[in-house]
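Everything below concerns the one structure shown next.
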Amino acid sequence: MAERVTIGMIGCGGMMGAHERGFRELWDKGIKNFEIVATCDLVKSLAEKMADQVGVWQGNRPRVYSDVETMLKSEPDMMAVDVVTVHRAHHSVVVPCFEAGKHVTVEKPLAITLRAGKLMLDAAEKAGKVFQVAENYRRSTENRAIKWAIDSGMIGKLRMIYWVDVEERLWYWTWRDHRDQAGGGWPLDGGVHFADLFRYHVGDPESLYCTVRTYNPYRYKDTDNLTGAIPVDVEDTTLAVLHFADGVTGSWTYTLSGPGDKWGHRAVYGEHGSLTWGTGFKSRKNSMTMDELIAEHHRAIGPDGVEKLFPRGIQDTIATELNEFVEAVLHGTPVEITGWEGYKDQAISMALYESDAVGRPVLLSDVEALRVEAYQGRLNADLEGMTR
Ligand SMILES: NC(=O)c1ccc[n+]([C@@H]2O[C@H](COP(=O)([O-])OP(=O)(O)OC[C@H]3O[C@@H](n4cnc5c(N)ncnc54)[C@H](O)[C@@H]3O)[C@@H](O)[C@H]2O)c1
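Put into structure tokens, the structure is as follows:
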């Protein structure tokens, strides 16, 4: 059995910087059961820069590539890849990696569309390799504490969850502002994290109804004077009502076209009280700050439980997720967010768009089974590797 997992980093942009810091933190804490052997980005200078950074703490510099195919051919012994590319490229990068026999961790959302995600699930199953979707939010001390508080009955039987973010973003965010590259706006990109938290804390939604708007089809080079308008084609506003099992309801709103007052509120309510992100616990008679709740959680699970969630005191969510991936490759231990879990998370975000496209509530089971593709069909028609 291998002692170290050899890994290739694919897509060396902004988020790979966070992965590099995660790998480095593991190394700093004495967890050296992996080696970064290659870096790859279409923009070769980014792969070179990443290799330089890794070389500093690892002691040896990874080999550098500017296309995945060459990397896979040149690195037959490399065991795994960490894929952090733009959404559109996830499936076209991940499927060949499975075909070359690599274990894969890929950044969220799983794919640009569910059908593209399905190609990845099928390739993973055929290869029989580890498939992790990098969904890190639930790994924070806060989200672990909220999960524990709900499961231990602190707020009683669940009633509803509110998730509201209202703000204005006028600056241009490159590929993220284009549907054919990103798949959708923030409700998919960032929203898939929230979808995962809904499933983690409340359970799988059964259906949802959503209204989607594009109030401002431009972003601006000069946001102070609103000049240098750049046309964008992702939506900027979603308002959804979610239905979970046992009568639990959810209200999920996001807009980046709300000038003026910026606000947000994220809270889950049960029959006895509420848990509010960033604030803490409140019932009719008692309250606890989030720090107190986290301390209470750690007391309750004891040092062994804390070590399991935060090995060697590591609280960086990317580091703990990469550690889980490496362990899974070496020892066959489970990953928390498998390809299928990532698919179910993504289905919630896609259901927002599908509901608006068909003008009625949609069942999550229909979206997952690709029975509703009014929105995604237009994207699929234009994707490489898609057989429709
Ligand atoms: N977990 C989180 O909190 C979090 C935060 C930010 C981004 N992300 C995710 O990380 C991924 C990347 O986002 P980012 O912000 O780093 O974007 P980015 O644009 O900064 O970087 C993406 C990189 O991928 C490269 N790339 C694109 N296609 C490629 C291909 N076929 N082969 C090799 N390289 C390719 C691009 O050249 C670019 O350097 C996305 O899936 C995004 O949703 C996750």
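Under our numbering, the residues of the sequence shown are numbered -1 to 386, in order. Cβ atoms here follow ideal geometry from the backbone N, Cα and C, with glycine treated the same way.
Next item on the list: Thinking L307 and R142 are a contact (beta carbons under 8 Å), I'd like their distance in whole angstroms, please.
Entry: 6 Å
Notebook entry, point to check: So what does DSSP say about G226, is it helix, strand or coil?
Noted result: Here G226 carries a strand assignment [DSSP, helix/strand/coil].
Item checked: DSSP bridge partner residues for R217 (one or two, in chain order) -> Residue pairing by DSSP places R217 opposite I228 in a beta bridge.
Note to self: In whole angstroms, give me the CA-to-CA distance for V92 and D65.
What the structure shows: 13 Å
Item checked: Helix, strand or coil at E166 [DSSP, three-state] -> strand
Check: Which term fits W366, buried or exposed, when burial requires 16 or more other beta carbons within 10 angstroms of its beta carbon?
Finding: According to the sequence displayed, residue 366 carries Glu and not Trp. Its Cβ being crowded by 16 or more others within 10 Å, E366 is buried.
Check: Between Y198 and the rest of its own chain, which residues show a CB-CB distance below 8 Å, the 5 nearest in sequence each way excluded?
Finding: R136, N141 and K145
Checklist line | Local Cβ density within 10 Å of E1, reported as buried at 16 or more and exposed below that | finding: Burial state of E1 is exposed, judged by a 10 Å Cβ sphere holding fewer than 16 other Cβ atoms.
Next item on the list: Taking N444 as the reference, give the member of A132, V356, L44 and Y170 with the closest Cα.
Entry: Absent from the structure is residue 444, since the part of the chain shown begins at -1 and ends at 386.
Check: Near L254, what residues of its chain come up, given a Cβ to Cβ distance below 8 Å and the 5 sequence neighbours on each side ignored?
Finding: E165, E166, R167, G183, W184, D234 and T235
Next item on the list: May I ask you to check if the CB of M389 is nearer than 6 Å to at least one heavy atom of ligand 1?
Entry: A query on residue 389 cannot be resolved here, the shown segment of the chain reaching from -1 to 386 and no further.
Notebook entry, point to check: Mind checking P229: buried by the 16 CB within 10 Å criterion, or exposed?
Noted result: exposed
Notebook entry, point to check: What is the residue span of the alpha helix (DSSP H) that I299 lies within?
Noted result: M288 to L307
Margin query: Whole angstroms are fine: how far does the CA of M13 sit from the CA of H387?
Written below: Shown here, the chain extends from -1 to 386; a query on residue 387 therefore has no answer.
Note to self: Our contact map puts G337 next to L108 with C-beta atoms below 8 Å; I'd like the distance itself, whole angstroms only.
What the structure shows: Rounded, the Cβ-Cβ distance is 7 Å, consistent with contact.
Notebook entry, point to check: DSSP on S249, reduced to helix/strand/coil?
Noted result: strand
Notebook entry, point to check: Apart from the five residues just before and just after A132, which ones in its own chain have a Cβ nearer than 7 Å to its Cβ?
Noted result: T103, V104, E105, K106 and E319
Margin query: On the DSSP letters alone, give me the boundaries of the alpha helix (DSSP H) that L320 sits inside.
Written below: T315 to H329
Note to self: Count Cβ pairs between the stretch 348 to 358 and the stretch 190 to 210 that sit closer than 8 Å; are there 3 or more?
What the structure shows: yes
Note to self: My assumption, with CB atoms under 8 Å, is that A36 sits in contact with G6. Please give the rounded CB distance.
What the structure shows: 4 Å
Notebook entry, point to check: Counting pairs of beta carbons, one from the stretch 73 to 84 and one from the stretch 8 to 23, are three or more of them closer than 8 Å?
Noted result: yes
Note to self: Does the beta-carbon of L195, which I'm using as the reference point, lie nearer than 6 Å to any heavy atom of ligand 1?
What the structure shows: Because no heavy atom of ligand 1 lies under 6 Å away, the Cβ of L195 does not count as near it: no.
Checklist line | Contacting residues, own chain, Cβ-Cβ under 8 Å from H89 (five flanking each side not counted) | finding: Excluding positions up to five away in sequence, the list reads A109, I110, A114, G115, L117, M118, L381 and G383.
Check: Is the distance from the Cβ of I316 to the Cβ of G53 below 7 Å?
Finding: no
Notebook entry, point to check: In the structure shown, what three-state DSSP assignment does T4 receive?
Noted result: strand
Notebook entry, point to check: Among D75, P74, E334 and L70, which residue has its Cα nearest to the Cα of P94?
Noted result: L70
Item checked: Distance between V190 and V304 (C-alpha atoms, nearest Å) -> A direct Cα-to-Cα measurement between V304 and V190 gives close to 26 Å.
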